[in-house]
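Written out below as structure tokens is the structure these notes cover.
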Amino acid sequence: MTREKRRNGLLVRGGEAKQGHHGGAGAGPDAQRGGAGAVGERQVRQRHRGLPGDPHPPPLPPRRLHGGNRGRDGRPPQHPREDHLGQGDRSGQRDQMLNAVELEQWESGKSVNDIAACQGIRIRRHCRPAASMAEIEAEMGAPRNILEKIIWDKEIEVAQGLARSPLNEVIESAGKAPPTRDFYGALAAAHKRNGVPALIAEVKKASPSRGVLRENFDPVEIAQAYEKHGAACLSILTDEKYFQGSFENLQKVRKAGVKCPLLCKEFVVDKWQIYYARAMGADAVLLIAAVLTDLDIKYFLRICKELGLTALIEVHDEREMERVLAINGVQLIGINNRSLETFIVDTSNTKTLLEKHGDAIREKGILVVGESGLFTPDDVAYVQNAGVSAVLVGESLVKQADPGQAIAGLFGKELVH
């Protein structure tokens with residue numbers, strides 16, 4: 001007699017499972033949950049996930065672990081295809097190689113929020129398409145802080161973006177983009193050339209904590225002024241709701257002939273955003289450890305490598321730094337002196353983290369970027385002495401009448417371009 005039982009939306013009959021619940025297309029790289037026992041004991045056969053935009057995408061179980069996907073035989077892939085990572089979903093193959101700990105997490109069937117909590121991540125993810133914030137709050141309650149609210153809004157925004165521009169179309173556009181510029185190399189060279197931290201100057205109109213920073217905001221004009229006065233790289237805010245930025249601003253700056261490498265400053269929760277950033281002219285993307293699980297970060301790093309993008313991985317506290325240092329392939333770490341949960345700034349945060357982890361960072365050849373709370377030459381000198389090789393600065397520059405001229409005031413000297 002065939003035994004049946006329902007497990008998290010899957011009706012299991014021996015070694016097979018039938019879908020009993022719909023998942024969504026806009027929540028990032030997904031992994032489908034298998035059986036609770038070892039793979040060899042119970043293989044759960046599921047249809048592979050179709051690309052967003054497929055007329056009849058296969059349903060997904062409600063609980064998903066970002067960062068991988070089972071193959072057609074229910075096993076994690078051992079020989080991933082060397083094609084576009086988003087396209088690899090069609091064959092059930094996946095790029096992510098899993099170590100023993102990750103495999104154990106995979107088999108445990110925990111939700112992405114369970115996994116995130118185990119890694120010290122306090123930001124909850126909805127991980128399913130939703131039409132409005134009210135719909136998410138009805139299921140999860142009110143957001144617990146500003147970052148969680150931003151991320152929930154971002155998941156809604158990504159779902160809308162996928163509906164307008166399906167992933168396969170965005171991948172095709174990204175493949176046609178001009179070659180990326182060396183973001184890491186530009187920072188390292190500028191640091192050596194000027195003897196002070198290289199500058200990532202931010203094109204930023206507003207922020208949730210400060211409101212509108214510049215009324216007469218022309219992203220191209222500001223970007224050109226930054227480049228003229230010695231910025232090594234530029235950061236372009238693309239979040240619309242909270243920072244009044246846009247991907248169109250990123251595209252405008254790139255098409256204006258600015259030669260500095262460009263960072264897409266976005267709250268990335270889905271691979272679609274990375275491909276879209278590349279298609280719009282980005283040379284680098286921001287990944288925030290406070291939001292993304294270890295598997296998310298590894299998966300997104302793999303996509304960045306395929307696209308020639310540099311990933312700036314942002315940390316704020318001890319736990320996040322330890323997690324990121326344990327991941328292979330990290331080139332850039334940004335230490336944010338501002339808590340994204342409270343928006344309180346403490347510049348000593350950079351010194352505290354580098355005093356403990358500076359040796360490991362140097363051994364790995366990682367370049368550290370200081371972020372937030374930098375307004376004077378003394379502020380820059382403080383984080384430089386702590387061990388940073390670059391700084392990301394927006395507010396203290398963009399609020400000035402001439403943002404380009406403000407660079408010399410920030411560093412106490414003119415930067416050599």
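Numbering (full-length UniProt numbering) for the sequence shown: 1 to 417.
Note that beta-carbon positions come from the ideal geometry of N, C-alpha and C, so glycine has one too.
What you are looking at is a predicted structure, and each value in this text was computed from that prediction instead of being measured.
- Boundaries of the beta strand (DSSP E) harbouring Lys-265: 262-265, taken from the DSSP string.
- Ranking Gln-331, Gln-224 and Ala-406 by CA distance to the CA of Leu-309 puts Gln-331 first.
- About 4 Å separates the CB atoms of Ala-201 and Tyr-226; that is less than 8 Å, so the two are in contact.
- Going by DSSP, Thr-350 is part of the alpha helix (DSSP H) stretching over 348-363.
- Here Val-112 carries a helix assignment [DSSP, helix/strand/coil].
- When the Cα atoms are used, Ile-115 and Gln-224 turn out to be separated by approximately 43 Å.
- In the DSSP assignment, Ser-389 is bridged to no other residue.
- Residue pairing from DSSP places Ala-284 in a beta bridge opposite Leu-263 and Thr-310.
- Note on Arg-164: under 16 other CB atoms within 10 angstroms of its CB, so exposed under the neighbour-count rule.
- Per DSSP, Val-398 lies in no beta strand (DSSP E) segment; the continuous alpha helix (DSSP H) that holds it begins and ends at 395-398.
- The C-alpha of Gln-119 lies about 12 Å from the C-alpha of Ile-297.
- Residue pairing by DSSP places Val-368 opposite Ile-333 in a beta bridge.
- For Val-203, the enclosing beta strand (DSSP E) stretches over residues 198-203.
- Shown here, Leu-410 sits in a helix according to DSSP, grouped into three states.
- Under the 10 Å beta carbon count, Asp-402 is surrounded by fewer than 16 other beta carbons and is classified as exposed.
- According to the DSSP assignment, Ile-150 belongs to the alpha helix (DSSP H) that extends over 146-164.
- Counting other Cβ atoms within 10 Å of its Cβ, Gly-195 stays below 16 and is therefore classed as exposed.
- With contacts defined as CB atoms closer than 8 Å, Leu-147 and Ala-279 fail to qualify as a contacting pair.
- Around the Cβ of Ala-360, a 10 Å sphere holds fewer than 16 other Cβ atoms; the residue is exposed.
- The secondary-structure analysis by DSSP pairs Cys-233 across a beta bridge with Ile-200.
- For Ala-134, the closest C-alpha among the options Leu-263, Arg-125 and Asp-153 is that of Asp-153.
- Comparing alpha-carbon positions, the option among Ala-198, Pro-129, Ser-209 and Glu-157 lying closest to Val-345 turns out to be Ser-209.
- Per DSSP, reduced to three states, the secondary structure at Gly-245 is coil, with no helix or strand assignment.
- From the listed residues Leu-325, Asp-283, Lys-364 and Gly-329, the smallest Cα separation to Arg-302 is found for Gly-329.
- When Cβ pairs closer than 8 Å are counted between the two stretches, the segment 308-327 is seen to touch the segment 177-185, the count reaching three or more.
- In this structure, Gly-404 places its C-beta atom within 8 Å of the C-beta atom of Lys-228.
- Boundaries of the alpha helix (DSSP H) around Ser-173: 167-176.
- For Asn-113, the closest alpha carbon among the candidates Met-140, Gly-211 and Pro-129 is that of Met-140.
- The segment 314-322 and the segment 264-283 do not touch, with fewer than 3 CB-CB distances between them shorter than 8 Å.
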